[in-house]
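Residue numbers (UniProt numbering): 1 to 279.
Beta carbons are placed, not taken as given, at the ideal position from N, Cα and C, and that holds for glycine.
All values reported here derive from a predicted model rather than from experimental measurement.
The block underneath contains the structure these notes are about, expressed in structure tokens.
Put into structure tokens, the structure is as follows:
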């Protein structure tokens, strides 16, 4: 019976992920939809594995005998989550320590760490309180006005704690790469994150200057592939047009917690209810 529960959870998870398609709508609708399709399937699988682990390898579900194979499968899934968490946490910590060892300077009263490379790069590195890292190549290639737009963009990431939240989203991504549309949804969340940071920056600086900075920085994103790094060019050149269009259209994503949109996640807790039927 436990194997049937696992199979049902996998089928539902894959079905939900297959509902993904590119949607041209307002930022809020895209964000809520992408977040649900990205998070709900892994959460459902995780809760199913938790429920089966709590039931143990012995007993009955109604009239059906519990098999040891389903228990081992559930335990293996949880172990996969734990190992991925440990690996990503260690890698993220090493990245943060390396960033904080960089030479620190003050730019317009804002402390930054300077990365000694000619590659244009700017990003927040860390967790809840990230460190701002800017490459020497970016400082040399941008005017003070353009550099200020880059800093304003990174302050947007810091304001929304993007490095912290995307660490957990990145962990979810690593654990469920095998689910349909994982990468497509991940890229959608990245571009929406960048659009939100762009909108935050445009309240402080000229949007046109920020768009020019994007053209200069997004051309090289080879060192931004890290889940604890929220960088100006993370989304890549493919999404550059969307970001510039949003800036020129003066779109301001109104970010607020919509509890109704999160109520749908409660369905992922249903597997825990099956524990009461185990004897």
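Asked                                                                                                                                                              : Found
Ends of the alpha helix (DSSP H) at residue 271?                                                                                                                   : 270-273
Looking only at its own chain, which residues have a Cβ that is under 6 Å from the Cβ of residue 222, when we skip the five neighbours before and after it?        : Annotation note: pLDDT 49 at residue 222 (below 50); position unreliable, no value reported.
Between which two residues does the beta strand (DSSP E) carrying residue 126 extend?                                                                              : Taken as a continuous stretch (DSSP letters only), residue 126 belongs to no beta strand (DSSP E), as it is neither H nor E.
Does DSSP put residue 104 in a helix, a strand or coil?                                                                                                            : strand
Consult DSSP for residue 135 and reduce its assignment to one of helix, strand or coil.                                                                            : strand
Just checking, does the region 86-93 make contact with the region 66-78 on the three C-beta pairs under 8 Å criterion?                                             : no
Is the beta carbon of residue 112 less than 8 Å from the beta carbon of residue 52?                                                                                : no
Going by the CB atoms, is the gap between residue 47 and residue 268 shorter than 8 Å?                                                                             : yes
Using the beta-carbon count (16 or more within 10 Å), is residue 87 buried or exposed?                                                                             : exposed
Determine the extent of the beta strand (DSSP E) in which residue 115 is found, giving its start and end residues.                                                 : 110-115
Using only the alpha-carbon positions, how far apart do residue 280 and residue 158 sit?                                                                           : Lying outside 1 to 279, the shown extent of the chain, residue 280 is not represented and no answer is given.
Sorted by chain position, which residues of the same chain lie with C-beta nearer than 6 Å to residue 249's C-beta, five sequence neighbours on each side aside?   : none
Decide if residue 45 is buried, meaning its Cβ has at least 16 other Cβ atoms within 10 Å, or exposed.                                                             : buried
Within 10 Å of its beta-carbon, does residue 175 have 16 or more other beta-carbons around it, so buried, or fewer, so exposed?                                    : buried
Helix or strand or just coil, what does DSSP make of residue 249?                                                                                                  : coil
Leaving out five residues on either side along the sequence, give the residues of the same chain with a beta carbon under 7 Å from the beta carbon of residue 247. : 198, 202, 207, 210, 211
On the DSSP bridge assignment, give the partners of residue 122 in chain order.                                                                                    : 134
State buried or exposed for residue 96, treating a residue as buried only when at least 16 other CB atoms are found within 10 Å of its CB.                         : buried
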